[in-house]
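Right, one structure below, let's go through it.
2 protein chains.
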Amino acid sequence: MSETREMIMAIARPMVQARGYNGLSFRELAKRIGIKNASIHYHFPTKGDLGAALARRYREDAEAILEGLWRESQDPAMCLRKYADGFRLALENENRMCLCGVMAAEYHDVPDAVKTEVQAFADSNISWLAKLLSAMDGFGDSAATKERALAIYAAIGGAQLAARSRADISVFDRIVESYRRAGLIPS
Amino acid sequence: MSETREMIMAIARPMVQARGYNGLSFRELAKRIGIKNASIHYHFPTKGDLGAALARRYREDAEAILEGLWRESQDPAMCLRKYADGFRLALENENRMCLCGVMAAEYHDVPDAVKTEVQAFADSNISWLAKLLSAMDGFGDSAATKERALAIYAAIGGAQLAARSRADISVFDRIVESYRRAGLIPS
DNA sequence: ACCTGAACACCGTTCAAGT
DNA sequence: ACCTGAACACCGTTCAAGT
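If you read the protein sequences in the order shown, they are chains R and C.
Residues 1 to 187 in my numbering are what the first sequence lists, from first letter to last.
Residues 188 to 374 in my numbering are what the second sequence lists, from first letter to last.
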């Protein structure tokens, strides 16, 4: 709808992925857009409103990408590789993190609306992973499949966090490769 | 040495584990101690100095606990369970996180001295894990052992992050159990 | 040696005022 | 409908001043 509103979100997202929800400054954000910081409050009454909108949009975008991946390839092993690549891409991009990963770490600081959206992102990811797993051999049991999808989601988030703290993307690759060798991520 | 300095660190640590480095307020910290916020700067010139001191102390404490665990039991499987329990304990404690895990998520916001300490914590944990693994069967090769130790460290951090974002400690248990079933964490 | 009050430039937020 | 300047209570930091 509003162009300014869209611009705020487009510029704020990578800022949060880099510096977190707490690290996002309305004044710096406004400066980059070319408006005054008070103007942001017209589009997003509070910082929490902006945070929740960013997380929702992030999930919607991720869902579109993941669904497209599966629809076009129908190849679970390849989808799992591409999934890890998505988290890798954030690190490649100036050592950024998954938006919902940073916000999860800031749990106590974000408003409830943000928490809800962060959980929705995780749910969405886990459902998609479970869908892949049940299309693979040896994952007939649906309860075990869900648990494994949850574990893969958590493990890849952990790989991103560990690699980020070392500012070394090869750490991410090594960890994910180790997950595969151990059998956590089927290949 | 200084009692006030020790009190600052003792009170600041759980605050950072709950709200992060960015979320820590000198004024709130000072209020809880019963001094003025300017006084904190006498003991820690900058927030970064306090953050680095907290991370170093955190690593030292963790090393003492882990070394004690291994020395007294010499049981790698039990040590691995106790290790995960340590991360679980933070969540039990009002949904807190590993100090170095939160600070890893705030990578771009913390000064270099803090980054160094956070990496030292990870190194220390991974070395200890590698020691356990090489004492177990089927982990003779030292290169693969190190990689596995790194993966276990990252995965448990990820489990903590995922469980925290849901404010549900059973999520942590389910993920760790899933790691065991998949064979990532030997048992 | 240790603490403090006051000031500085920051922060999110509010609101009356502008167009 | 959309933006702004000015004010508010916050923040880390500095520093001269106290004991």
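Where is the CB? At the ideal position from N, CA and C, for every residue including glycine.
Fair warning: this is a prediction, and the values are worked out from it, not measured in the lab.
Check each candidate in the options and name the one with the smallest Cα separation from residue i.
i	options	result
S311 (chain C)	C:G238, C:A251, C:A199, C:K269	C:A251
A307 (chain C)	C:R351, C:S374, C:A242	C:A242
C100 (chain R)	C:S260, C:G370, C:G345, C:L337	C:G345
S321 (chain C)	C:A349, C:P232, C:A264, C:A197	C:A264
R351 (chain C)	R:A144, R:W128, R:A104, R:L80	R:A104
E6 (chain R)	R:R57, R:L132, R:E28, R:D112	R:R57
D194 (chain R)	R:A113, R:E92, R:D112	The question about residue 194 (chain R) has no answer, for chain R in this structure spans 1 to 187.
S2 (chain R)	R:E72, R:A143, R:F44	R:F44
A154 (chain R)	C:M196, C:L216, C:E364, C:L256	C:E364
Y229 (chain C)	C:Y366, C:L316, C:L319, C:T191	C:T191
A38 (chain R)	R:M9, R:G68, R:F26	R:F26
R367 (chain C)	C:P201, C:M196, C:L267	C:L267
D137 (chain R)	R:W70, R:K82, R:D75	R:D75
R353 (chain C)	R:I152, R:A122, R:A144	R:A122
G238 (chain C)	C:I313, C:A199, C:N282	C:A199
R246 (chain C)	C:E259, C:N209, C:L348, C:S314	C:S314
D299 (chain C)	C:K234, C:E259, C:E254	C:K234
Which bits of chain C does residue i rub up against, with CB to CB less than 7 Å?
i	result
R19 (chain R)	H295, D296
N22 (chain R)	G207, N209, G210
Y179 (chain R)	A338, L371
Return helix, strand or coil for residue i, following the three-state DSSP convention.
i	result
I372 (chain C)	coil
Q271 (chain R)	Because chain R in this structure spans residues 1 to 187, residue 271 (chain R) falls outside the shown range and cannot be described.
V118 (chain R)	helix
E250 (chain C)	helix
T145 (chain R)	helix
I35 (chain R)	coil
E193 (chain C)	helix
D85 (chain R)	helix
C98 (chain R)	coil
N280 (chain C)	coil
F26 (chain R)	helix
V297 (chain C)	coil
F359 (chain C)	helix
A154 (chain R)	helix
D310 (chain C)	helix
M136 (chain R)	coil
A163 (chain R)	helix
P14 (chain R)	helix
Find the residues of chain R that neighbour residue i, judging by a C-beta separation of less than 7 Å, and give them in chain order.
i	result
G129 (chain C)	This structure gives no information on residue 129 (chain C), because the portion of chain C shown stretches from 188 to 374.
I356 (chain C)	Chain R residues near I356 (chain C): none, gap ~13 Å exceeds 7 Å.
R361 (chain C)	E147, L150
A317 (chain C)	Under the 7 Å cutoff, chain R gives no residues; its nearest Cβ is about 12 Å from A317 (chain C).
Name, please, each residue of chain R whose Cβ falls closer than 9 Å to the Cβ of residue i.
i	result
R381 (chain C)	With chain C running from 188 to 374 in the structure shown, residue 381 (chain C) is simply not present.
So which residues on chain C does residue i lean against when the C-beta distance must stay under 8 Å?
i	result
L161 (chain R)	G288, A291, A292, A341, G344, G345, L348
N95 (chain R)	Y294, H295
At 8 Å on the CB atoms, spell out the chain R contacts of residue i, in chain order.
i	result
V305 (chain C)	S165
E309 (chain C)	At residue 309 (chain C) the sequence reads Ala, which differs from the Glu that was named. The contacting residues are A162, S165, R166.
How about residue i: is its Cβ closer than 7 Å to a heavy atom in the ligand GTP?
i	result
R192 (chain C)	Annotation note on the ligand GTP: not contained in the displayed structure, which lists no ligands.
Under 8 Å: do the stretch 292-305 of chain C and the stretch 16-24 of chain R share three or more Cβ pairs, one atom per stretch? These segments touch.
Using a Cβ distance threshold of 8 Å, determine whether the stretch 209-229 of chain C contacts the stretch 172-180 of chain R, with at least three qualifying pairs required. With a cut-off of 8 Å, the stretch 172-180 of chain R and the stretch 209-229 of chain C do not count as touching, because too few Cβ pairs lie within range.
Segment contact, 8 Å Cβ cut-off, at least three pairs: the stretch 327-344 of chain C with the stretch 364-374 of chain C: Yes, they touch.
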